[in-house]
Structure formats: C-alpha cells, structure tokens
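**Student:** Structure incoming, see below.
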Amino acid sequence: MSSDAQPEPPPGPETGGDVPYRFERSHSAGEVVEAFAGLEAGVETDTVVSVAGRLMLRRHQGRLAFGTLQDATGRIQLFATAAVTPSFEQFTALSIGDWVGVRGAVMATRRGELSVRVDEWVVLAHARRPFPDKWHGLTDPDTRYRQRYVDLWVSDEARAAFARRSEIVASLRRRLSERGFAEVETPMLHPIPGGAAARPFVTHHEALSADVYLRIAPELYLKRLVVGGMERVYEIGRVFRNEGISTRHNPEFTMLELYWAYADHADIMELTETLVAGVAAEVCGSTTVAYDGREVDLSTPWRRATMEEVIAEHAGIEATLDSGLAELRACCDRLQIPVEAGWGPGKLLLEIYEKAAEPQLWGPVFVTDYPAEVSPLSRRHRSRPGYAERFEGIVAGRELCNAFTELVDPDEQRSRFEAQAELRAAGDDEAMLLDEDYLRALEYGLPPTGGLGIGVDRLVMLLTDTQAIRDAVLFPTLRPDPSA
RNA sequence: GCGCCUCUAGCUCAAUUUGGCAGAGCAACGGACUCUUAAUCCGCAGGUUCUGGGUUCGAGUCCCAGGGGGCGUACCA
Numbered sequence: 038m039s040s041d042a043q044p045e046p047p048p049g050p051e052t053g054g055d056v057p058y059r060f061e062r063s064h065s066a067g068e069v070v071e072a073f074a075g076l077e078a079g080v081e082t083d084t085v086v087s088v089a090g091r092l093m094l095r096r097h098q099g100r101l102a103f104g105t106l107q108d109a110t111g112r113i114q115l116f117a118t119a120a121v122t123p124s125f126e127q128f129t130a131l132s133i134g135d136w137v138g139v140r141g142a143v144m145a146t147r148r149g150e151l152s153v154r155v156d157e158w159v160v161l162a163h164a165r166r167p168f169p170d171k172w173h174g175l176t177d178p179d180t181r182y183r184q185r186y187v188d189l190w191v192s193d194e195a196r197a198a199f200a201r202r203s204e205i206v207a208s209l210r211r212r213l214s215e216r217g218f219a220e221v222e223t224p225m226l227h228p229i230p231g232g233a234a235a236r237p238f239v240t241h242h243e244a245l246s247a248d249v250y251l252r253i254a255p256e257l258y259l260k261r262l263v264v265g266g267m268e269r270v271y272e273i274g275r276v277f278r279n280e281g282i283s284t285r286h287n288p289e290f291t292m293l294e295l296y297w298a299y300a301d302h303a304d305i306m307e308l309t310e311t312l313v314a315g316v317a318a319e320v321c322g323s324t325t326v327a328y329d330g331r332e333v334d335l336s337t338p339w340r341r342a343t344m345e346e347v348i349a350e351h352a353g354i355e356a357t358l359d360s361g362l363a364e365l366r367a368c369c370d371r372l373q374i375p376v377e378a379g380w381g382p383g384k385l386l387l388e389i390y391e392k393a394a395e396p397q398l399w400g401p402v403f404v405t406d407y408p409a410e411v412s413p414l415s416r417r418h419r420s421r422p423g424y425a426e427r428f429e430g431i432v433a434g435r436e437l438c439n440a441f442t443e444l445v446d447p448d449e450q451r452s453r454f455e456a457q458a459e460l461r462a463a464g465d466d467e468a469m470l471l472d473e474d475y476l477r478a479l480e481y482g483l484p485p486t487g488g489l490g491i492g493v494d495r496l497v498m499l500l501t502d503t504q505a506i507r508d509a510v511l512f513p514t515l516r517p518d519p520s521a
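Under the numbering used here, the first residue of the first sequence carries the number 38, and numbering increases by one thereafter.
Here it is, written out as structure tokens:
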C-alpha cells in the first residue's frame, strides 16, 4: 500500500514490480453499500475503508477517474482524482480485470453514486489476458465451462447460481444435523461397484495389483454403517457413472444418501418433502419456486400416487403386475415401447411408467410401489406381493430422489443378487454384482431401515431454475481441450 | 453411439440468391476531457475465417474428411 507520508510508486505494468503478499481489507463492497445506503449526493464522510476486488469498468475524465470494483459481494465505485490519488496516471492505466486494493473515504458523488475515494491503492494481481466484452460477456458455452474462472466474473447468473448451490448444500447439512444424522465419508474406490445399476469407471491400484472402481453409489457402505450401529447416517459426495452426457447427466455428480434406522418408506417421504421444502424456503424465500417458466409448489405434503395410478392417469392404461406378461407386452406394443425378450413383468411395467407416464408428470409427487423385480435392494411391500416399498420423487418433471424401505434379509438379498447375476449373464452390463461382504454384514443384522438418495445437482437445478446440469456444476465434464 | 445445427480479431457479432480486396463495437495501444454509470470524442493497430484436402481464374461462403461445442435421441440419476 502506498503511503501518504512517503509515497512509493505502486507496482504496476510499468515497474514490473512484485505484488503484495496480503492485503488488509476492512469492508467488502456489499458491506460498504449496506452501511452507507442513502448517503446524500456530494457528501464525503470521515469513514475510511479498505476494499479489494477486480476492476471491472473504468471511466476516465481527464484528472478525474471512476472505476467499478467488484468482489464476491457486489460492486462499489472507485473515485480517483489527480489531486488526492497517488500515482494517478498509473491508476488510470490499470487494465480491466486487474485486482486492486483501495483505501479511502466513503463518499457519494454529485450524481449520488456511493464510492470509495482512492486515497491509497495497490495492484494485487495483474490481468494479463483481456476480459470478455463488458456488455455482452461470454456466450460460447464451451468457453464458459472451460474457463469458469472468467465466466464467474462476467455472468451474474452463474455467480448467483453457484452461491445458491453452496447455500443449498449447507442447508441440507444443517437440517440433517438437527435431526441427528451424522455425516460420514465412505470409500470412493470400490473393489465391487454396487448400490446402483450403472456402468462404472475402472481404474487400477498398482501396489495392490487390483482393479478398483469409482463408486456408482455409497449405498452399500452406508448400510454397513447402520449394521455397525450408526443409526442415522448420511453422505454428500461425488459418484461416478460411465454413461452419456446430457442436459441432465454429468458423469460425476453429487449424491446425498441417508439411512435411518427404525424408519420405513413413509418416514422417508415425510423427511424428503420436509427437507426439500425447508431448503427451498430458506434459499429461495418461498416453497413455491419458478422452474422453466412454470410454477412448482414444494409445500408439504406432496402427493403420493402408485405407479399404476400415474400410468392410468397419463397413459390411459390399466396395467399392474397381475396383468400378466402377455398383456404387459401388448401394452408396450401399443405404446410403441421396444421390449427385450428377457424382461419380466416388473421391468415391462417400469418401462410403461418411464416412457408413457413419467415424462408427463410435473409434481411434486412421490411415485410409489415399484416392482420388486427392478428394485434389488429394497424390501418387499408389506401388503402387495411382487411390489417393493420403493418410491421416486418427481419434481418439475424430473426424478429428484429414489428411496425405499431397505431390504434387510440376507437370504432374500442373496437371491436378488443372483437374479441380477442372471441378467448380467444375459448381457445386461449394468446389472448389480453380488457382494459377499455386504451379505455378511446383513447376516450380522440390519435393523428396519429407510434409505434415501437425492441428486444434489438436480436439486440445485430446481432451486436455481437452470435447465442444464452444466449450469449447476462448476466444472462439468467436457472433452479434453485439443488446444490445451 | 446416432441425427440436426454451429465454429470469423481477446470478447460480442457482420460480410447480397454456391463465390469477387475479411468489417464493426467493446477490450488493447496513442491522445483529449474534473462527476462518470456499457462515459464520450479523435487516432492507431489487431486475422492459420477450427484443421486438412478438393472444386474454381478466384472460397469465410460450395464439396469431402477430421476436431470442438450445442440441441435432440439412446443408456441413466
């Protein structure tokens, strides 16, 4: 920082000087704006503040210069004059994008713009590359994602969305903590990928001479912890699935999974709707949010409807597991849904739901009573043979969560795994693998447990009104840059 | 994977019905200006038109191949 008593030329492009190791900031831009809101035009206060950020706009007028300084909290105008600002010429030579620290009196210009007078200033970092057009910003999505560090400065929407993402995740953690859930971290490198039907990424551990898999879900480890006596656990973390990329899919995404001993699917529904509505109220200020030009009312309770009910409503078809294989196949034919030979009635019913009913749902709605056949980790429905106590939450037309009363019986879990193995043998490379250690854990006894998985990125999309997962993930997966 | 669209200066965009000297604004650079708000004004520069072939007297433009990206679709949350 230059000093009034013994002014030193601030390091700048001309001097090639080094930049300071730290800067003592007294106020963020937002704090100045808040503290001095309504300051009358032309008033200079005695309050001296230190602010820091990037110079985003400049307006020079001879021996007077204005700048717009932006930091994480917002923008504040800088007011410099040749009379009071040291090294005024160098100050006016700053580039857009340069980081500067400024110390001076808070004032309002004749036009009433709240400003910090530049009594002292120092360059904190030079922007050697030019910033994008100050009015148009970046429009090329590729550049926005690859150079997010630039996008965040020039796109207010991006900055706001990611700030809100942090609030959402913090809110989830706080709410779960309040309910007695302990946050844990389980392995990301799995010897046997499990907990979901998905193709994994494979990697190799040299010292162990063993292939390992990036996890596709933390589910089986979290339930091991319930066996271990952790009655309420959750994990928020990255999972990896070796599948296509789309507006709703990133190969690595963030999942919230929780397990709650002594609870069942009904408890989980209540928890889910309360959690989501609470987070929405906290970060959006309302349980009614706008998404994609439509309204979503997240206030509790959410509608519960069985899979058959929504199929009847939206596809106009009466289809259940009791309809029989032939009838379900005929339904698929009528709806022009391609079917494969090995599919059982459960898979056929699920296909009918996913192709003919789900796309028309807006929600929020819990679609309940999934076929047990397609739910290898969930417990059989207590009163409906062939069904599982599993549900998915559909919000704003998208799957937000997947949950169930957990399957606790080791023998039944073994036979479910074996059924998956048959599917795998028949060519389904997303079918689950048998995990002997998980079965052993179940043999020690898993109490009645409810489990939930929420796609955090999808929740962020919902609450930030973004239509592409890339706008909810800071660094979405892209092809390696051929020019890099 | 497949289909459609797209790629021009650091950024945002132009460039006449298949074709005729590659342009503007912002940023940068030089200058003027003591209350601006995307400041304004004058001046000066700035290009492998994504890459490689081809057609043509002549290609940013037309054709072929490749690359990046977007959207849709498939798999999936």
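C-beta: ideal position from N, C-alpha, C; glycine also.
Model, not experiment: these values are computed from the prediction.
Does Trp-172 come out as helix, strand or coil in the three-state DSSP assignment?
**Tutor:** Correct three-state label for Trp-172: coil.
**Student:** In its own chain, which residues sit with a C-beta less than 6 Å from the C-beta of Ala-505, not counting the 5 before and 5 after it?
**Tutor:** So the qualifying residues of the chain are Thr-284.
**Student:** Secondary structure at Asp-508, three-state DSSP: helix, strand or coil?
**Tutor:** Correct three-state label for Asp-508: helix.
**Student:** My guess is that Thr-501 and Arg-201 are in contact by the Cβ rule of under 8 Å, so how many angstroms apart are they, rounded?
**Tutor:** 5 Å between Cβ atoms; contact.
**Student:** Among Asp-156, Arg-95, Arg-62 and Met-93, which has the Cα closest to the Cα of Glu-81?
**Tutor:** For the residues Asp-156, Arg-95, Arg-62 and Met-93, the minimum Cα distance to Glu-81 belongs to Asp-156.
**Student:** Between Glu-268 and Ala-303, is the Cβ-Cβ spacing less than 8 Å?
**Tutor:** Result no, Cβ atoms of Glu-268 and Ala-303 do not sit closer than 8 Å.
**Student:** Keeping to the same chain, check which residues put their C-beta closer than 6 Å to that of Gly-149; ignore five residues upstream and five downstream.
**Tutor:** Correct list, in chain order: Ala-78.
**Student:** Go to Tyr-390, then tell me how far its alpha helix (DSSP H) extends in each direction, as first and last residue.
**Tutor:** First-last for Tyr-390: undefined, no H or E at that position.
**Student:** Taking the beta carbon of Asp-41 as the centre, do at least 16 other beta carbons fall within 10 Å, making it buried, or is it exposed?
**Tutor:** In this predicted model, Asp-41 has a pLDDT of only 37, less than 50, meaning its place in the structure is not dependable enough to derive any value.
**Student:** Give me the Cα-Cα distance between Thr-223 and Val-493, rounded to the nearest whole angstrom.
**Tutor:** Looking at the two C-alpha atoms, the distance is approximately 17 Å.
**Student:** Among the candidates Val-445, Val-187 and Ala-327, whose CA atom is the shortest distance from the CA of Asp-301?
**Tutor:** The shortest Cα separation from Asp-301 among Val-445, Val-187 and Ala-327 belongs to Val-445.
**Student:** Taking only the alpha-carbon atoms, compute the straight-line gap between Ser-203 and Met-292 and give it to the nearest angstrom.
**Tutor:** Taking the straight line joining both Cα atoms gives about 14 Å.
**Student:** Check the DSSP bridge columns for Arg-140 and list the partner residues they point to.
**Tutor:** According to DSSP, which records beta bridges pairwise, Arg-140 is partnered with Ser-87 and Glu-157.
**Student:** Please give me, in chain order, every unbroken run of the beta strand (DSSP E) with length at least 3 that falls completely inside the region 208-263.
**Tutor:** For the region 208-263, whole beta strand (DSSP E) runs of length 3 or above, ordered along the chain, are 239-242 and 247-251.
**Student:** I need the straight-line Cα distance from Ala-233 to Thr-240, nearest angstrom please.
**Tutor:** Distance between the alpha carbons of Ala-233 and Thr-240: 18 Å.
**Student:** What is the DSSP secondary structure of Ile-133, counted as helix, strand or coil?
**Tutor:** Coil at Ile-133, not helix or strand.
**Student:** With a threshold of 6 Å on Cβ separation, who are the neighbours of Pro-50 within its own chain once the five nearest residues in sequence on each side are excluded?
**Tutor:** Note on Pro-50: pLDDT 43, under 50, position unreliable in the model; the coordinate value appears next. Counting only Cβ-Cβ distances below 6 Å, and skipping sequence neighbours, we find nothing.
**Student:** Give the single residue among Tyr-390, Ala-363, Glu-391 and Ala-314 whose Cα lies nearest to the Cα of Ala-378.
**Tutor:** Looking at the Cα atoms, Ala-363 is the closest of the given residues.
**Student:** Which two residues bound the contiguous alpha helix (DSSP H) that contains Ile-305?
**Tutor:** Where Ile-305 is concerned, the enclosing alpha helix (DSSP H) stretches over 302-321.
**Student:** Give the straight-line distance between the Cα atoms of Ala-109 and Ser-65, rounded to the nearest whole angstrom.
**Tutor:** The alpha-carbon atoms of Ala-109 and Ser-65 are separated by roughly 8 Å.
**Student:** Excluding the five sequence neighbours on either side, which residues of its own chain have a C-beta within less than 7 Å of the C-beta of Ala-352, listed in chain order?
**Tutor:** Leu-372, Ile-389, Ala-393 and Ala-394.
**Student:** Which residues does DSSP pair with Thr-291 in a beta bridge?
**Tutor:** Looking at the DSSP assignment, Thr-291 forms a beta bridge with Arg-275.
**Student:** Is it buried or exposed for Thr-180, if we count other Cβ within 10 angstroms and need 16 for buried?
**Tutor:** Thr-180 is exposed by the Cβ-count criterion.
**Student:** What does the Cβ neighbour count give for Arg-427, buried or exposed, with the cut at 16 atoms within 10 Å?
**Tutor:** Arg-427 comes out buried.
**Student:** Can you tell me whether Gly-281 is buried or exposed, with buried defined as 16 or more other CB within 10 angstroms of its CB?
**Tutor:** With fewer than 16 other Cβ atoms within 10 Å, it is exposed.
**Student:** Quick check for students: name the residue ranges of the beta strand (DSSP E) that lie wholly in the region 398-449, counting only runs of 3 or more.
**Tutor:** Those beta strand (DSSP E) runs which fall completely within the region 398-449 and span 3+ residues are 402-408, 424-432 and 435-442.
**Student:** Let me check understanding here. Comparing Cα to Cα, which of Leu-308, Gly-111 and Val-497 lies closest to Ser-328?
**Tutor:** Ser is not the amino acid found at residue 328; the sequence shown has Tyr there. Considering only alpha carbons, the answer is Val-497.
**Student:** List the endpoints of the continuous beta strand (DSSP E) containing Asn-108.
**Tutor:** In the sequence as displayed, the identity of residue 108 is Asp instead of Asn. Note, Asp-108: beta strand (DSSP E), 101-108.
**Student:** Quick check on the burial criterion: 16 or more other C-beta atoms within 10 angstroms. Buried or exposed for Trp-136?
**Tutor:** By the neighbour-count rule (16 or more Cβ atoms within 10 Å), Trp-136 is buried.
**Student:** Within a Cβ cutoff of 6 Å, which residues of the same chain sit near Asp-474, ignoring the five residues on either side of it in sequence?
**Tutor:** Cβ within range, chain order: n/a, list empty.
**Student:** Just to confirm my understanding: we take Met-93, look at its own chain, exclude 5 residues before and 5 after, and list those with CB closer than 6 Å. What are they?
**Tutor:** Within the same chain, Met-93 has close Cβ partners Thr-105 and Gln-107.
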